[in-house]
Amino acid sequence: MISVAIMGHGTVGSGVAEILLTHKHKLFTALGEELYIKYILDLREFPESPVADRFTKNFNDIINDLDVSIVVEVMGGTNPAYDYVKRSLQAGKSVVTSNKELVAKHGAELLAIAKETNANFLYEASVGGGIPILRPLSQCLVANEVDEIAGILNGTTNFIFGKMINDNMNFDDALKLAQDLGYAERNPEADIEGHDACRKICILASLAFGKHVYPDSVYTEGITKITLDDVKHANNLGYVIKLIGDVKKTENGKLDICVCPMLISKDCILSDINDVFNGIMVKGDCTGDVVFYGKGAGKLPTASAVVADIVDCGKHLKTRKRMFWTDGDGSNIVSYKDSITSVYLRVEGNGDKAVEAFKDSQVVDANGETIILTKEYHFGEIEEKLAALKADGVNVLSAIRVGNI
Ligand code: HSE
């Protein structure tokens with residue numbers, strides 16, 4: 001029997017307990033041993049839980065119990081999750097987490113501690129919810145040099161876009177519905193401002209390219225400035241707008257990485273990812289494009305990935321899984337100003353000055369406004385041109401990257 005402690009009994013944590021109880025026999029067959037929930041750490045009371053007698057409010061119960069070999073962190077946030085995870089690994093316990101903020105901020109350090117103490121630190125659920133992506137990336141695609149990873153990594157924002165476009169729902173109501181369904185982060189700003197997607201592309205980039213990419217080195221833009229007008233114009237031009245996390249290896253080996261709303265061609269498979277679903281495209285030099293698709297948020301999909309990691313830890317209590325990267329100092333990241341992209345611009349009036357500034361672009365007249373699809377520029381140059389236009393009194397209503405995926 002392997003004793004497990006679950007830290008956190010919120011949306012994901014309660015899902016993990018539920019699966020461990022309801023799928024007990026299936027998991028026993030997979031592992032060859034019983035997984036026993038010895039503790040659930042939460043400050044709240046859950047008298048109705050079938051394992052109500054195992055709840056504790058004291059982390060010391062877990063860390064001091066030599067019988068607990070796997071600690072599951074599904075609390076979210078970094079305080080106290082970081083401290084508890086670090087101490088668990090230092091004590092030689094394996095840790096499974098769904099916490100992308102923790103992995104994106106402290107992954108390199110926690111992986112190094114796990115290495116030292118010969119424990120495992122697994123984090124499949126931190127990206128893509130129920131979609132297997134990290135293990136396939138590090139194992140099944142290991143023969144490839146990864147050229148690019150691009151994905152719809154946040155279910156909440158994708159859900160909001162869908163509700164706005166298809167059901168004419170306003171932004172706030174769509175967000176509220178996503179929260180009620182358990183998709184959104186504790187602080188939904190992390191979803192709509194792109195921070196959640198940023199953490200996920202950081203984890204993907206760190207794992208794929210071997211050096212920790214920290215969130216503050218990634219250009220990140222949320223979806224709050226996207227209007228229904230932009231969505232409609234994009235549609236007429238053959239695009240959809242999606243919040244995309246993208247990392248690509250440039251010719252000099254550096255990583256061009258960003259999170260922002262992008263116009264995606266309807267020919268691109270990511271344009272068809274709707275509702276709370278996530279889609280992640282990995283471009284390998286041997287495989288070409290491989291796409292991972294599934295529910296990127298929600299109680300049981302995310303808990304499914306956590307439980308798979310628990311089983312994997314149980315199978316490898318004495319050996320280490322290699323889901324590893326080392327620390328990074330940001331020197332392998334391209335400055336966002338040097339990133340090359342074209343943009344969609346929506347300009348008030350006939351847009352003469354903007355058309356002149358962005359020569360050789362595609363221009364569309366749209367009922368008193370002008371839509372410009374520019375050719376490719378360095379992003380810094382686009383910013384300079386937009387600043388000059390603003391100073392010249394030109395009202396640029398929207399500027400959205402056009403994805404080249
Ligand atoms: N808030 C996240 C999302 C949850 O909407 O995708 C899963 O990471």
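No gaps in the numbering here: position 166 of the sequence shown is 166 in my numbering, and each next residue is one more. Each residue gets a CB set at the ideal place from its N, CA and C atoms; glycine is no exception.
Legend entry - Where His-106 falls, given that 16 or more other Cβ within 10 Å makes a residue buried: Residue numbering aside, residue 106 sits at position 106 when the sequence shown is read from its first letter. Label assigned to His-106: buried.
Inset, instruction - Just mark Arg-44 as buried or exposed, buried being the case when its beta carbon has 16 or more other beta carbons within 10 Å. - result: Here residue 44 corresponds to residue number 44 of the sequence shown, with the count starting at 1. Exposed.
Legend entry - Cys-198, enclosing alpha helix (DSSP H) - first and last residue: Mapped onto the sequence shown, residue 198 falls at position 198. Residues 195-209.
Legend entry - alpha helix (DSSP H) runs wholly inside the region 88-143, at least 4 long, in chain order: 100-116
Inset, instruction - Check whether the Cβ of Ala-174 lies closer than 7 Å to any heavy atom of ligand 1, and answer yes or no. - result: Sequence index remark: in the sequence shown, residue 174 carries index 174 (1-based). It does not: the Cβ of Ala-174 is nowhere closer than 7 Å to a heavy atom of ligand 1.
Inset, instruction - Decide yes or no for the touch test of the region 297-307 against the region 5-19: beta carbon pairs closer than 8 Å, at least 3 of them. - result: yes
Inset, instruction - Please determine, among Ile-340, Ala-5 and Asp-275, the residue with the shortest C-alpha to C-alpha distance to Gly-401. - result: Here the question's residue 401 lines up with position 401 in the sequence shown. It is worth fixing the name first, because residue 401 is Arg in this sequence and not Gly. Nearest option by C-alpha distance: Ile-340.
Inset, instruction - Please look up how many angstroms separate the CB atoms of Ile-149 and Leu-237, rounded, as I've assumed it's under 8 Å. - result: As a first step, residue 149 is located in the sequence shown; it is residue number 149 there, counting from the start. As a first step, residue 237 is located in the sequence shown; it is residue number 237 there, counting from the start. At roughly 26 Å, the Cβ-Cβ gap does not stay under 8 Å, so Ile-149 and Leu-237 are not in contact.
Legend entry - Closest by C-alpha distance to Ala-52, when choosing among Asp-256, His-9, Tyr-344 and Cys-258: As a first step, residue 52 must be located in the sequence shown, where it is residue number 52. The option with the nearest alpha carbon to Ala-52 is His-9.
Legend entry - Alpha-carbon spacing of Ala-174 relative to Leu-122, whole angstroms: Position 174 of the sequence shown, counting from 1, holds the residue named residue 174. Position 122 of the sequence shown, counting from 1, holds the residue named residue 122. Ala-174 and Leu-122: Cα-Cα distance of roughly 33 Å.
Legend entry - When Ala-387, Glu-384, Asp-352 and Gly-380 are compared against Thr-487, the one with the closest alpha-carbon: Nothing can be reported for residue 487: it is not among the residues displayed for the chain, which extend from 1 to 405.
Inset, instruction - Report yes or no: do the region 240-256 and the region 265-284 share at least 3 C-beta pairs separated by less than 8 Å? - result: yes
Legend entry - Delimiting residues of the alpha helix (DSSP H) encompassing Asp-173: On the sequence shown, residue 173 is found 173 positions in, with the first residue counted as 1. Note, Asp-173: alpha helix (DSSP H), 171-180.
Inset, instruction - Put Val-282 into one of helix, strand or coil per three-state DSSP. - result: Residue 282 sits at position 282 when you count from the first residue of the sequence shown. Strand.
Legend entry - Nearest residue (CA-CA) to Asn-118, options Gly-92, Ile-133 and Leu-255: Within the sequence shown, numbered from 1, the residue matching residue 118 stands at position 118. Nearest C-alpha to Asn-118: Gly-92.
Legend entry - the region 206-217 in contact with the region 318-327 per 3-pair CB rule at 8 Å: yes
Inset, instruction - Report the residue ranges of all alpha helix (DSSP H) runs contained in full by the region 309-366; include only those spanning at least 4 residues, in chain order. - result: 352-357
Legend entry - chain B within 8 Å of Gln-362, Cβ atoms only: Among the chains in the structure shown there is no chain B, since it carries only a single protein chain.
Legend entry - Where the beta strand (DSSP E) containing Met-7 begins and where it ends: Here residue 7 is taken as the residue at index 7 of the sequence shown, counted from 1. That run of the beta strand (DSSP E) goes 2-7.
Inset, instruction - Compute every distance between the C-beta of Ala-297 and the non-hydrogen atoms of ligand 1, then say whether any falls below 7 Å. - result: One-based indexing of the sequence shown puts residue 297 at position 297. Flag set: Cβ of Ala-297 near ligand 1.
Legend entry - Cβ-based neighbour list, Ala-297, same chain, cut-off 6 Å, excluding 5 preceding and 5 following: Taking the sequence shown and counting its residues from 1, one reaches residue 297 at position 297. Within the same chain, Ala-297 has close Cβ partners Gly-129, Gly-155, Tyr-183 and Val-276.
Inset, instruction - Have a look at Ala-143, Asn-350, Val-334 and Val-394 and flag the residue whose alpha-carbon is nearest the alpha-carbon of Gly-380. - result: Counting from 1 along the sequence shown, the entry for residue 380 is found at position 380. The residue with the shortest Cα to Cα distance from Gly-380 is Val-334.
Legend entry - Continuous beta strand (DSSP E) stretch holding Thr-408: start and end: It is not possible to answer for residue 408, since the shown part of the chain is limited to 1 through 405.
Legend entry - Beta-carbon contacts of Glu-348 that lie in its chain and below 7 Å, excluding the five residues immediately before and after: By one-based count along the sequence shown, residue 348 stands at place 348. Around Glu-348: Glu-369, Asn-395 and Leu-397.
Inset, instruction - Tell me whether Phe-379 sits in a helix, a strand or coil according to DSSP, three-state version. - result: Counting from one through the sequence shown, the residue named residue 379 turns up at place 379. Helix.
Legend entry - Whole-angstrom distance between Gly-151 and His-23, CA atom to CA atom: Stepping through the sequence shown from its first residue, residue 23 is reached at position 23. Stepping through the sequence shown from its first residue, residue 151 is reached at position 151. Near 31 Å, if we compare the C-alpha coordinates of Gly-151 and His-23.
Inset, instruction - Tell me whether the beta-carbon of Asp-285 lies closer than 8 Å to the beta-carbon of Asn-144. - result: Counting from one through the sequence shown, the residue named residue 285 turns up at place 285. Counting from one through the sequence shown, the residue named residue 144 turns up at place 144. In this structure, Asn-144 lies closer than 8 Å to Asp-285 by Cβ.
Inset, instruction - State yes or no: is the C-beta of Asn-64 nearer than 7 Å to some heavy atom of ligand 1? - result: One-based indexing of the sequence shown puts residue 64 at position 64. Checking every heavy atom of ligand 1 against the Cβ of Asn-64, none is found closer than 7 Å.
Inset, instruction - Run the CB neighbour count on Lys-299, radius 10 Å, all protein chains shown included, and call it buried at 16 or more, exposed below. - result: Here residue 299 corresponds to residue number 299 of the sequence shown, with the count starting at 1. Result: buried.
Legend entry - Rounded straight-line distance, which links the Cα of Pro-80 to that of Glu-124: Indexing the sequence shown from 1 puts residue 124 at position 124. Indexing the sequence shown from 1 puts residue 80 at position 80. Near 21 Å, if we compare the C-alpha coordinates of Pro-80 and Glu-124.
Inset, instruction - Check whether the region 244-264 touches the region 190-204, taking contact to mean three or more Cβ pairs, one atom from each stretch, closer than 8 Å. - result: yes
Inset, instruction - Could you tell me how far apart the beta carbons of Tyr-84 and Met-7 are, in whole angstroms, since I believe they sit closer than 8 Å? - result: By one-based count along the sequence shown, residue 84 stands at place 84. By one-based count along the sequence shown, residue 7 stands at place 7. Yes, Tyr-84 and Met-7 are in contact; Cβ-Cβ is about 6 Å, under 8 Å.
Inset, instruction - Pull up the DSSP beta-bridge partners for Asp-256, would you. - result: As a working mapping, residue 256 is identified with position 256 in the sequence shown. Bridge partners of Asp-256: Lys-248.
Inset, instruction - Return yes when the Cβ of Arg-54 is within less than 8 Å of the Cβ of Ile-40, no when it is not. - result: Taking the first residue of the sequence shown as 1, we reach residue 40 at position 40. Taking the first residue of the sequence shown as 1, we reach residue 54 at position 54. Result yes, Cβ atoms of Ile-40 and Arg-54 sit closer than 8 Å.
Inset, instruction - Quick one: measure Cβ to Cβ for Leu-345 and Ala-399, integer angstroms, because I've assumed they're closer than 8 Å. - result: The residue you call residue 345 lines up with position 345 of the sequence shown. The residue you call residue 399 lines up with position 399 of the sequence shown. Going by Cβ atoms, the distance from Leu-345 to Ala-399 rounds to 5 Å, so yes, they are a contact pair.
Inset, instruction - Express the C-alpha separation of Asp-392 and Gly-294 in angstroms, rounding to a whole number. - result: In the sequence shown, counting from the first residue as 1, residue 294 sits at position 294. In the sequence shown, counting from the first residue as 1, residue 392 sits at position 392. C-alpha separation (whole angstroms): 47 Å.
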